[in-house]
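**Student:** Numbering (the UniProt record's numbering), first residue to last: 1 to 309.
(1) Distance, Cα to Cα, residue 89 vs residue 101?
(2) Can you check DSSP and say which residues form a bridge with residue 137?
(3) If you reduce the DSSP assignment to three classes, tell me which class residue 84 lands in.
(4) Taking three-plus beta-carbon pairs below 8 Å as touching, is the segment 188–196 in contact with the segment 214–222?
(5) Residue 229 lies in the beta strand (DSSP E); which residues open and close that run?
(6) Looking at C-beta atoms only, is the number of pairs between the segment 132–143 and the segment 100–118 that lie closer than 8 Å three or more?
(7) May I ask you to verify whether the segment 195–211 touches the segment 170–187, counting CB pairs closer than 8 Å and requiring at least 3?
(8) Are the CB atoms of residue 230 and residue 203 within a distance shorter than 8 Å?
(9) Quick one: give me the first and last residue of the beta strand (DSSP E) that residue 211 is part of.
(10) How do the segment 50–57 and the segment 13–21 stand: do at least 3 beta-carbon pairs fall below 8 Å, yes or no?
(11) State whether the segment 30–47 contacts the segment 251–269, with contact taken as three or more CB pairs (one from each stretch) at a distance under 8 Å.
(12) Give me the Cα-Cα distance between residue 13 and residue 226, rounded to the nearest whole angstrom.
(13) Check whether the Cβ atoms of residue 2 and residue 243 lie closer than 8 Å to each other.
(14) Below 8 Å on the Cβ atoms is my guess for residue 245 versus residue 149; work out the distance and round it to an integer in Å.
(15) Does the distance from the CB of residue 331 to the CB of residue 29 come in under 8 Å?
(16) How far does the alpha helix (DSSP H) with residue 23 in it extend, from its first residue to its last?
(17) In three-state terms, what does DSSP make of residue 208?
(18) For residue 279, count neighbouring C-beta atoms within 10 Å of its own C-beta (all shown protein chains included) and say buried if the count is 16 or more, exposed if not.
(19) Buried or exposed for residue 86, please, with buried defined as at least 16 other CB atoms from any protein chain shown within 10 angstroms of its CB.
(20) Buried or exposed: which applies to residue 153, given that a residue is buried once 16 or more other Cβ atoms fall within 10 Å of its Cβ?
(21) Work out the CA separation of residue 161 and residue 136 for me, nearest whole Å.
(22) Less than 8 Å between the C-beta atoms of residue 276 and residue 157, yes or no?
(23) For the alpha helix (DSSP H) that residue 45 lies in, which residues bound it at each end?
(24) Would you check whether the ligand FMN has a heavy atom nearer than 7 Å to the C-beta of residue 214?
(25) Report buried or exposed for residue 99, applying the criterion of at least 16 other Cβ atoms within 10 angstroms of its Cβ.
(26) Under a Cβ-count criterion, where at least 16 other Cβ atoms within 10 Å of its own Cβ denotes burial, should residue 166 be classed as buried or exposed?
(27) Evaluate residue 104 with the Cβ neighbour count: other Cβ atoms within 10 Å of its Cβ, from every protein chain shown; 16 or more gives buried, anything less gives exposed.
(28) Around the Cβ of residue 271, are there at least 16 other Cβ atoms within 10 angstroms (buried) or fewer (exposed)?
(29) Going along the chain, which residues of its own chain have a beta-carbon closer than 8 Å to the beta-carbon of residue 56, five neighbours each way excluded?
(30) Return the Cβ separation of residue 171 and residue 197 in integer angstroms, given the expectation that the two are a contact with Cβ distance under 8 Å.
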């Protein structure tokens, strides 16, 4: 989970000094560099040792390391989402044109950050595992699995079947997988090992199932237990937001890139398979636009001239 979200979670979870410090940091995030450690301690009615303990609770060695990470994330957030609040991207008095522009910009920036966070070796490892898998399973909860359904359908179009078991069948299904299969674990928080889908990871690892994780940034249970992980781009708060605009687009972007790389591994074969299947199953579809017609001149295959005897 991103540092900002860890701090937000701390402010909601605790009622002691940790809550006071977290709320101060979030409120003064843009001016935090102007405060000394002593000033922050005084303004939060705590102490410098308490600030150090706060930083260590978030996984840092001390306050200085925490501040470096905090400022780095603040800079990244401002560079990708300048002027748009991911949680409340539009206001009640915004015009239709304003909302169109803001949602479009938010989704474009989410895609940009998602690709910035991707690493080529991770993509190549994921593609290798999916290509060699006899069975592929995607574990998650709604609404993540709704986005996963789009990935499942794309994969099916090239003959790769992805199973998305219902949450109450996840345990049984995970037990049935083995070393020649592959499991995708999709969770935004990725933290609670006793909750689905994280609770399936232990079983899958015992069965030596190759794993792929999709989760938010920062330390969490998924990152600690899976060696092939993709990062969801999002600056959304846990609860106080209009919708999951940024998260949904980011997850969909990850799936689309993985699918595209898989497609390219056997490009001509996959293209022929998809076109052949589409012609058989979607023959009733018609189009008014010339660009969409399959019988337009530019879509017709080139006919070889017949030789006269």
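Note that the Cβ used here is the ideal one computed from N, Cα and C, for glycine as well.
**Tutor:** So, from the data block:
(1) 10 Å
(2) 163 and 183
(3) coil
(4) yes
(5) 229–232
(6) no
(7) yes
(8) no
(9) 211–216
(10) yes
(11) no
(12) 27 Å
(13) no
(14) 18 Å between Cβ atoms; not a contact.
(15) The structure shown does not extend to residue 331, since the chain is modelled only from 1 to 309, so the question has no answer here.
(16) 17–27
(17) coil
(18) exposed
(19) buried
(20) exposed
(21) 7 Å
(22) no
(23) Premise fails: residue 45 is in no alpha helix (DSSP H) and is neither H nor E.
(24) This structure simply doesn't include the ligand FMN, nor any ligand for that matter.
(25) exposed
(26) exposed
(27) exposed
(28) exposed
(29) 62
(30) With a Cβ gap of about 10 Å, residue 171 and residue 197 do not count as contacting.
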